[in-house]
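Shown next, in structure tokens, is the structure this report addresses.
Residue numbers (my numbering): -15 to 427.
Below, the structure is given as structure tokens:
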């Protein structure tokens, strides 16, 4: 037998070791507990270290005194969610003296605060219900953008709490919109919230937060917008479907709601970096764009299918959004869905976002009165694409640039050049998508 060259021998054993580690990793993923921690990474956040991130002191994240009011929200299954109410800058500036005179810190009842009164008394008030990202990955200490700050090098965007990573940047950009309040919560098991995350649990949390806005705060749904990023888009998609078609078979039977199953029409649904489902995502997903999950098993479809079948929380957002646009027509409620995805997203490829859009477009094009638009920037780059995007696609029952009418549907896809996976939600295209959705509502 011919002896291997020492270099080849080292390469052989290196590859064998990597293969062994990968096999062990895949076997661990079959375990429900390890799978849950890998998907949600909810135990990894800087809230453990009060000197780094004290979410009870929003001023430390650059917000004005008492611009944010922390409060707790109880879910129907008796979990407690840690939440923030964030005031828009125009409202804050107008009432700054009154706001700063109030005690700082968490409150027992948000409806007894000055912030709530300002929301309630403003006939032009708007609410963005924000579902933050929970990018499915193992904890890794590097954000996906190219210029991290020193503090961001210490914590991953994929888990965390309401103030982690670029989330505060999202709030800061949205609060520049006039009359636009933000409500956001940590999902169960994240940050200071109680419980253990699961697909049904996170959807229950989302329904509880939206129900709180609509019923407890008595804010109209037509001036309420749902915004999700990364896995937050999966929560947003499920919650949107629930409020359009509560009996849909695509919703988990285990979700719990304390309210009557009434349907609502929202100002819009904005999805930043969505994906069709967890199994489809994992076929191409690489942790921080480097470490593959299931793509090495592509030559072995039987083994890949076997592992995909063991995924507990599948999050079929693509199918739920198709059901959403169909139900929006059947109920006459209408819906406006905008997808924003960055071309340089190293975590969730922008083509998966386009797949999500394509499913909704296919569900609509056969209906009467539906028109569609598609524009793409060429390699040369001479063609002008709407809004400066790399790809812009739309399908609608009414003109995208016109004012909406009850019962109409608009679905848009905007692939932008920059923003990566996490930072893009703080960029102007997302803020503009929110603004257009509110402005399109028929008053």
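Think of the CB as a built atom: it goes at the ideal place given N, C-alpha and C, for glycine as much as any other residue.
If you're wondering where the values come from, they're calculated on a predicted model, not measured in any experiment.
Here residue 111 carries a strand assignment [DSSP, helix/strand/coil].
For residue 190, the enclosing alpha helix (DSSP H) covers residues 183 to 195. Between residue 257 and residue 337, the C-beta spacing is below 8 angstroms. Residue 325 and residue 228 have their alpha carbons spaced roughly 25 angstroms apart. Residue environment for residue 305: buried (at least 16 other C-beta atoms within 10 angstroms of its C-beta).
Within the same chain, and ignoring the five residues on either side of residue 339 in sequence, the residues whose Cβ sits closer than 6 angstroms to its Cβ are 260. Following the DSSP letters along the chain, one finds residue 412 inside the alpha helix (DSSP H) bounded by residues 412 to 424. Contact between the region 276 to 293 and the region 210 to 227 is not established, with fewer than three Cβ pairs separated by less than 8 angstroms.
The alpha carbon of residue 288 has as its nearest neighbour, out of 266, 239, 299 and 222, the alpha carbon of 266. Distance from the Cα of residue 21 is smallest, within the candidate group 330, 173 and 345, for 173. Of the candidates 300, 167 and 263, 300 places its Cα closest to the Cα of residue 232. For secondary structure counted as the beta strand (DSSP E) over 3 or more consecutive residues, the region 274 to 340 holds these complete runs in sequence order: 319 to 326.
Secondary structure of residue 116 (DSSP, three-state): coil. It is roughly 6 angstroms from the alpha-carbon of residue 56 to the alpha-carbon of residue 65.
Taken atom to atom, the span from the alpha-carbon of residue 418 to that of residue 209 is near 8 angstroms. The C-beta distance from residue 192 to residue 60 rounds to 6 angstroms, short enough to fall under 8 angstroms. Closest in alpha carbon position to residue 16, among 195, 255, 180 and 399, is 180. In the three-state reduction of the DSSP assignment, residue 8 falls in the helix class. The three-state secondary structure of residue 64, taken from DSSP, is strand. The beta carbon of residue 154 is closer than 6 angstroms to those of 409 and 410 in its chain, skipping five residues each way along the sequence. Note: residue 271 is bridge-paired with 275 in the DSSP secondary-structure output. The Cβ neighbour count for residue 323, taken over all protein chains shown within 10 Å, is at least 16; the residue is labelled buried. DSSP places residue 20 inside the alpha helix (DSSP H), whose first and last residues are 16 to 24. From the listed residues 254, 240 and 245, the smallest Cα separation to residue 116 is found for 254.
The way I'd put it, the region 196 to 208 does touch the region 98 to 112; three or more beta-carbon pairs between them come closer than 8 angstroms. In this structure, residue 46 places its C-beta atom within 8 angstroms of the C-beta atom of residue 156. Just so you know, the alpha carbons of residue 420 and residue 48 end up roughly 27 angstroms apart. Nearest C-alpha to residue 84 among 52, 68 and 95: 52. The beta carbons of residue 355 and residue 380 sit closer together than 8 angstroms.
Taking 8 angstroms as the upper bound for CB-CB distance, residue 69 and residue 89 are not in contact here, some 13 angstroms apart.
According to the DSSP assignment, residue 58 belongs to the beta strand (DSSP E) that extends over 52 to 58. For residue 398, the uninterrupted beta strand (DSSP E) run begins and ends at 393 to 400, by DSSP. With respect to residue 187, residue 236 sits close: the two C-beta atoms are nearer than 8 angstroms.
333 is the residue among 249, 333 and 246 whose C-alpha sits nearest the C-alpha of residue 264.
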